[in-house]
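Engineer: Residue numbers (the numbering used here), protein chains in the order written: chain V, 16 to 184; chain H, 11 to 774.
Ideal placement from N, C-alpha and C gives every residue a C-beta, glycine not left out.
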Amino acid sequence: MNALNSVAQGRPLTGENCRFSLSPQGLLTVALTDGSYSGRAYLSLAFPFQLTEEYVALQNEDKEEIGMIRRLSDLREEDRDLVRDALKIKYFTPKIYKILTLTERFGTTRWAVETDKGKMNFVVKDTYKSLIRVSADRLFVCDIDGCRYEIESLKALDRRSYSKIELYV
Amino acid sequence: MRKIPEAIRDKFLEKGIKIESALTVFKTDSTNDRVPCDAYSVVTEEGIATLFCLMALRKRRSAFFARRKAPEPVLEVLDFSFTPLDKIRSIVCEELITGIRLVARCDGEDRVLLYATNHCSKALFSFCDDFAAYRETGAYPEQKEEKVSRCPRCGKPYPDPDRAYCPRCNRSVGLMFKLMPFLKRYWLQIFFVLLTVLITAGMDVLTPYLSGKVLYDEVLTPAGTLYGKVLFLVAVVAGANLVASLAEVINALVVAKVSAFVSYDLKKTIFSAFERLSYGFFTSRHTGKLLTQINTDAETLYTFFCDGLPYFLTNGLQLVGVAVVMFITQPLLSLVIFLPLPLVFLGYFFAMRYLKRLHAENYNISSRFTSIISDVLGGMRVVKAFSREKEEVKRFEGVARSISASNVQIAVASRTIMPLLNLWVRLTAYVIWGVGGYLVIRGAANAGGGISFGTLMLFISYLSLIYGPMNFFADFFADFASSLNALQRLFEIVETEPDVKDKENPVDPGIIRGKVEFDHVSFSYVPGKKTIKSISFTVDAGETLGIVGHTGAGKSTLANLLTRLYEVESGAIRIDGIDLRDLSLKALRDNVAIVSQETYLFRGSLMDNIRYARPDATADEVIAASRAAGCHEFILSFPDGYDTMVGYDKKLLSGGEMQRISIARAILKDPAILILDEATSAMDTRTERQIQAALTEITRNRTTISIAHRLSTLRDANHLIVLENGEKVEEGTQEELLAKENGVYAVLYRLQMEAMKNIGIEEN
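#1: Give me whichever residues DSSP pairs with W126 (chain V) in a beta bridge.
#2: Under three-state DSSP, which class holds T567 (chain H)?
#3: Report the three-state DSSP secondary structure of F314 (chain H) (helix, strand or coil).
#4: How is P212 (chain H) classed by DSSP in three states: helix, strand or coil?
#5: For G212 (chain H) and V334 (chain H), I'd like the C-alpha separation in whole angstroms.
#6: What does I114 (chain V) reach in chain H if we use C-beta pairs closer than 8 Å?
#7: State the beta-bridge partners of R163 (chain V) as determined by DSSP.
#8: Which residue from H:D529, H:L497, H:R411 puts its Cα closest to that of T313 (chain H)?
#9: Identify the continuous beta strand (DSSP E) that holds A49 (chain H) and give its terminal residues.
#10: Could you name each continuous beta strand (DSSP E) segment of 3 residues or more that falls completely within the stretch 559-617 of chain H, going from the start of the chain to the end?
#11: Would you mind reading off the limits of the alpha helix (DSSP H) that contains D3 (chain H)?
#12: Determine the extent of the alpha helix (DSSP H) in which G665 (chain H) is found, giving its start and end residues.
#13: Do you know how far the Cα of N735 (chain H) is from the Cα of T561 (chain H)?
#14: Tell me, please, which residues DSSP counts as bridged to I2 (chain H).
#15: Opposite E86 (chain H) in the DSSP bridges: which residues?
#16: To the nearest angstrom, how far is it from the Cα of F3 (chain H) to the Cα of T123 (chain V)?
#17: If you follow the beta strand (DSSP E) that M693 (chain H) is in, where does it begin and where does it stop?
#18: Report yes if the CB atom of L58 (chain V) is closer than 9 Å to the CB atom of L73 (chain V), and no otherwise.
#19: What are the partner residues of E104 (chain H), as DSSP defines its beta bridges?
#20: Could you tell me how far apart the beta carbons of E716 (chain H) and G556 (chain H) are, in whole angstroms, since I believe they sit closer than 8 Å?
#21: Taking K543 (chain H) as the reference, which of H:V549, H:A551, H:S534 has the closest Cα?
#22: How far does the alpha helix (DSSP H) with F406 (chain H) in it reach, from first residue to last?
#23: Let me know the secondary structure DSSP gives E76 (chain V) once reduced to three states.
#24: With H, G and I counted as helix, E and B as strand and the rest as coil, what does DSSP make of A59 (chain H)?
#25: At what residues does the beta strand (DSSP E) containing I542 (chain H) begin and finish?
#26: When Cβ atoms are compared, which residues of the stretch 55-66 of chain V fall closer than 7 Å to chain H?
#27: Would a check of beta-carbon distances place N456 (chain H) closer than 9 Å to chain V?
#28: For V754 (chain H), decide whether its Cβ has a neighbour in chain V, counting only Cβ atoms nearer than 9 Å.
#29: Indicate whether at least one CB of chain V lies closer than 9 Å to the CB of L106 (chain H).
#30: With H, G and I counted as helix, E and B as strand and the rest as coil, what does DSSP make of R148 (chain V)?
#31: Checking contacts by CB at 9 Å: is Q40 (chain V) closer than that to chain H?
#32: Kindly indicate which three-state DSSP category R363 (chain H) falls into: helix, strand or coil?
#33: Between which two residues does the beta strand (DSSP E) carrying K37 (chain H) extend?
#34: Residues of chain V with CB closer than 7 Å to the CB of A370 (chain H), please, in chain order.
#35: With DSSP run on the structure shown, which of helix, strand or coil describes P27 (chain V)?
#36: To the nearest angstrom, how far is it from the Cα of N768 (chain H) to the Cα of S722 (chain H)?
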């Protein structure tokens with residue numbers, strides 16, 4: 016492991032070496048204290064389903080990695096909330112809490128759901144394969160355009176909603 | 011330009027924005043808080059204005075008027091934003107996980123214009139492109155016709171955005187009608203089928219009438235009209251049976267023949283559709299599944315038309331016949347018989363549905379099971395190498411256990427539900443016996459409403475005709491639905507319009523000299539991600555062009571575009587000055603051969619594989635081509651020589667050998683334009699040198715486009731271009747490129763030369 020550490024050590028980002036701020040237009044920017052980068056901050060989670068506060072990669076506009084925030088708690092407190100908000104915007108996924116209708120025809124399903132952002136309709140092709148099962152209880156639905164919808168807890172769904180997707184989970 | 015509702019137009023006018031003078035207008039679907047809404051953006055010379063609003067169609071209060079008047083649109087404005095255009099340098103789409111952020115790059119800072127879901131990504135990406143063109147040229151590009159991604163009939167998006175096919179609107183009845191042309195040829199046979207079905211059904215209704223009602227009431231009763239004529243009745247019944255059986259046999263024979271022919275016709279139509287369809291159709295995500303299903307689908311249709319439909323027709327007709335006879339004979343008892351029928355039907359229907367559901371679950375688990383097995387077997391080397399056997403066994407066990415659990419569930423369900431339903435049917439029969447027996451006794455006592463013994467016997471024998479096929483009927487609708495699915499998929503393939511097709515009067519120039527021009531060619535596989543960005547170059551007839559670049563730089567895409575497997579997005583490719591889109595596909599493909607990174611050998615002999623493009627080539631020609639490609643010797647080393655069968659066991663040939671076979675194949679075709687797409691990449695450097703001489707020989711006086719990441723392959727090219735991320739970054743002869751101190755090519759060349767030296771040292 017030691018050998019691995021020496022060849023593949025990314026640049027750890029902590030409260031010591033980076034400062035985040037919001038532009039007047041509300042976009043996240045970052046400045047490294049050594050002056051090697053300053054500008055828009057593009058964030059990517061390495062494990063977006065499970066670890067939403069850890070392994071946050073900071074990238075530049077060309078998607079090249081500048082460094083990695085191992086844990087959000089490594090950052091200064093005021094930066095932490097800025098990063099958290101930016102992640103929330105990037106990883107925004109409507110949360111389904113009720114399935115109104117789900118009809119299958121020829122392998123594609125049409126969904127009408129109620130989410131935390133209101134009613135939505137979408138189409139899923141190849142339904143069984145388009146569900147990302149994160150755990151026995153939590154899953155993501157991926158529609159034909161690549162939009163994701165989260166079902167935070169299958170158990171928390173009402174019985175009618177659950178019976179509609181039972182076949183696919 | 012997109013049509014904008016009147017109400018929205020007015021709102022923009024209130025803000026001082028005239029839509030008439032807009033450069034473009036587009037619609038998105040989300041507020042900046044990501045709540046679904048209708049957002050209209052108007053781009054004018056002054057700026058970009060976006061109106062976020064909720065459009066709802068409120069029904070008029072009175073239901074009576076609602077039907078006559080169109081619903082009243084209600085507009086609720088949520089937000090409005092305006093960004094002056096003079097500040098904006100460019101506009102980019104930033105991809106989020108479930109959406110897109112449209113960002114304006116202004117001097118000094120970035121501004122968020124709007125958020126939208128991925129549904130709008132195509133439109134937004136093309137807006138960004140158009141805006142970039144506007145900034146560059148000062149003129150806003152003409153609006154391309156919007157590619158319809160929604161079904162014009164139902165307004166719902168197509169399941170596959172690249173394929174304008176709406177399964178929803180291709181509904182049951184229409185589908186069946188589409189089958190008509192296939193059936194028309196067999197009208198005589200179909201007439202026979204219907205006739206025999208009618209006869210069988212008639213006889214089946216008649217026989218119980220004879221052996222029940224007539225036997226007891228007319229033949230065995232002294233007062234009957236046919237008293238004592240037992241032999242006569244037996245003869246008539248036997249005759250009726252004979253006729254019914256004959257009709258049944260004829261029916262089965264004709265049906266079997268017709269459905270086999272129809273399913274053959276269908277398969278043929280589909281396979282000829284394959285030939286017509288573009289390459290993109292086959293590489294698109296879900297097609298693999300579609301294709302493997304075709305055979306099963308044809309089979310499903312065969313069973314449906316051969317077994318299901320005739321059986322349904324016979325039993326349906328029988329049911330009607332029986333009902334008519336019964337209600338004429340004894341309406342009251344008939345009512346008793348028919349009343350529980352819907353309940354029994356529903357019972358079977360739900361039972362079948364439940365079982366189907368269990369079977370579907372079982373199927374899902376089984377397919378997971380098989381995929382684990384094929385996973386492990388295919389990756390056995392890796393499994394062993396990392397000694398993961400135990401974990402794989404565990405994974406296997408888990409799924410195996412859920413399969414057995416599901417099997418138990420199915421067995422328990424089917425063995426309890428079905429007997430219970432059958433018991434129910436029998437109970438109904440006992441009730442009828444009871445009621446009927448009571449009525450017979452009343453009849454014997456000459457009390458009102460009584461029936462004869464023969465009538466009771468008739469009704470009892472009709473019972474099985476009525477209740478017997480109920481479980482079949484309950485299942486029939488599911489069968490019907492699944493054959494509709496099958497039909498649907500078949501027609502989806504038959505009716506898909508190819509993206510690449512000949513225009514109406516394609517040019518066929520006869521002899522092609524082989525001058526190739528790329529004129530500002532752009533192309534993208536996925537919207538927004540340009541694989542090829544405005545590339546131009548010219549290759550004169552007989553010259554060799556080398557294309558260099560990293561993996562993923564777009565080299566192979568250039569080859570795909572030149573062979574017109576895909577259509578260019580903008581710009582043009584010309585061969586001998588003729589636009590590829592005007593050239594007939596046949597002329598193009600006859601004159602262009604490609605040797606690619608992936609070689610495919612079809613099942614058959616090596617001989618057949620080499621002369622795949624020219625089946626009439628003589629043995630001499632095949633051997634000559636093999637010599638030129640450097641595969642003659644190793645072919646001779648096989649015991650069966652050129653007759654060696656390949657395609658079954660790939661281990662017979664190494665990657666390099668397969669590639670040499672495909673080079674021989676291309677040589678034999680003798681095309682005006684030869685594309686070598688990493689043709690020698692699977693060979694080691696020494697083998698490559700060996701056949702390099704052969705390749706030089708072949709490419710002389712032939713337009714050759716040679717794609718390689720190994721630069722030694724390109725030493726004979728007249729001209730080189732270097733690609734990076736879909737852009738042409740350098741161009742020139744090898745000397746010119748090497749002369750550039752820090753040029754991409756020069757750096758690559760030095761790196762590879764060093765690597766070669768290392769190999770050389772090792773070899774010594």
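Structural biologist: Reading off the structure:
#1: Numbered from its first residue, the first sequence carries residue 126 (chain V) at position 111. Beta-bridge pairing links W126 (chain V) to V:L117, V:F137.
#2: On the second sequence, position 557 is the one that residue 567 (chain H) refers to. In this structure, T567 (chain H) counts as helix in the three-state DSSP scheme.
#3: Position 304 of the second sequence, counted from the first residue, corresponds to residue 314 (chain H). Residue state, collapsed to three classes: helix.
#4: The residue labelled residue 212 (chain H) in the question sits at position 202 within the second sequence. Note that residue 212 (chain H) is Gly in the sequence shown here, rather than Pro. Residue state, collapsed to three classes: helix.
#5: On the second sequence, residue 212 (chain H) is found 202 positions in, with the first residue counted as 1. On the second sequence, residue 334 (chain H) is found 324 positions in, with the first residue counted as 1. Each residue's alpha carbon lies about 12 Å from the other.
#6: Taking the first residue of the first sequence as 1, we reach residue 114 (chain V) at position 99. Within chain H, no residue comes near I114 (chain V); the closest Cβ sits about 17 Å away, beyond 8 Å.
#7: Start at 1 with the first residue of the first sequence, and residue 163 (chain V) comes out as number 148. The partner list for R163 (chain V) (beta bridge, DSSP) reads V:C157.
#8: Within the second sequence, the letter at position 303 stands for residue 313 (chain H). Considering only alpha carbons, the answer is H:L497.
#9: Start at 1 with the first residue of the second sequence, and residue 49 (chain H) comes out as number 39. Element bounds for A49 (chain H): 46-53.
#10: 580-585, 602-605
#11: Outside the shown range of chain H (11 to 774) lies residue 3 (chain H), about which nothing can therefore be said.
#12: Translated into positions along the second sequence, residue 665 (chain H) becomes position 655. 665-679 is the span of the alpha helix (DSSP H), which, as asked, contains G665 (chain H).
#13: Your numbering for residue 561 (chain H) matches position 551 in the second sequence. Your numbering for residue 735 (chain H) matches position 725 in the second sequence. So the two alpha carbons sit approximately 9 Å from each other.
#14: Outside the shown range of chain H (11 to 774) lies residue 2 (chain H), about which nothing can therefore be said.
#15: Within the second sequence, residue 86 (chain H) is the residue found at index 76, counting from 1. According to DSSP, E86 (chain H) bridges with H:L64.
#16: Outside the shown range of chain H, which is 11 to 774, sits residue 3 (chain H), and nothing can be said about it.
#17: By 1-based counting over the second sequence, the position of residue 693 (chain H) is 683. No beta strand (DSSP E) contains M693 (chain H), which DSSP labels as neither H nor E.
#18: For this step, residue 58 (chain V) is matched to residue 43 along the first sequence. For this step, residue 73 (chain V) is matched to residue 58 along the first sequence. A contact, by the Cβ cut-off of 9 Å.
#19: Translated into the one-based positions of the second sequence, residue 104 (chain H) becomes position 94. Partner(s): H:R111.
#20: Walking along the second sequence from the start, residue 716 (chain H) turns up at place 706. Walking along the second sequence from the start, residue 556 (chain H) turns up at place 546. Before going on, a small fix: residue 716 (chain H) reads as Ser here, not Glu. So it is a contact: roughly 5 Å between Cβ atoms.
#21: Counting from one through the second sequence, the residue named residue 543 (chain H) turns up at place 533. Per the Cα distances, H:S534.
#22: Within the second sequence, numbered from 1, the residue matching residue 406 (chain H) stands at position 396. Segment 399-454, the alpha helix (DSSP H) holding F406 (chain H).
#23: On the first sequence, position 61 is the one that residue 76 (chain V) refers to. Coil at E76 (chain V), not helix or strand.
#24: The residue given as residue 59 (chain H) occupies position 49 in the second sequence. The answer is strand: DSSP assigns A59 (chain H) an E or B state.
#25: Numbered from its first residue, the second sequence carries residue 542 (chain H) at position 532. 539-549 is the span of the beta strand (DSSP E), which, as asked, contains I542 (chain H).
#26: R55
#27: Indexing the second sequence from 1 puts residue 456 (chain H) at position 446. Chain V, which has no Cβ nearer than 9 Å to the Cβ of N456 (chain H), makes this no.
#28: Taking the first residue of the second sequence as position 1, residue 754 (chain H) is located at position 744. So no, V754 (chain H) is outside the interface.
#29: Taking the first residue of the second sequence as position 1, residue 106 (chain H) is located at position 96. Yes, L106 (chain H) lies at the interface with chain V (some Cβ there is under 9 Å from its Cβ).
#30: For this step, residue 148 (chain V) is matched to residue 133 along the first sequence. R148 (chain V) carries a strand assignment under DSSP once its states are collapsed to helix, strand and coil.
#31: If you number the first sequence from 1, residue 40 (chain V) lands on position 25. Output row for Q40 (chain V): interface = yes.
#32: One-based indexing of the second sequence puts residue 363 (chain H) at position 353. In the three-state reduction of the DSSP assignment, R363 (chain H) falls in the helix class.
#33: Position 27 of the second sequence, counted from the start, is the residue given in the question as residue 37 (chain H). Residues 34-40.
#34: Translated into the one-based positions of the second sequence, residue 370 (chain H) becomes position 360. Under the 7 Å cutoff, chain V gives L182.
#35: Against the first sequence, residue 27 (chain V) aligns to sequence position 12. Reduced to three states, the DSSP call for P27 (chain V) is strand.
#36: To locate residue 768 (chain H), count along the second sequence from 1; it is residue 758. To locate residue 722 (chain H), count along the second sequence from 1; it is residue 712. Computed Cα separation, rounded: 15 Å.
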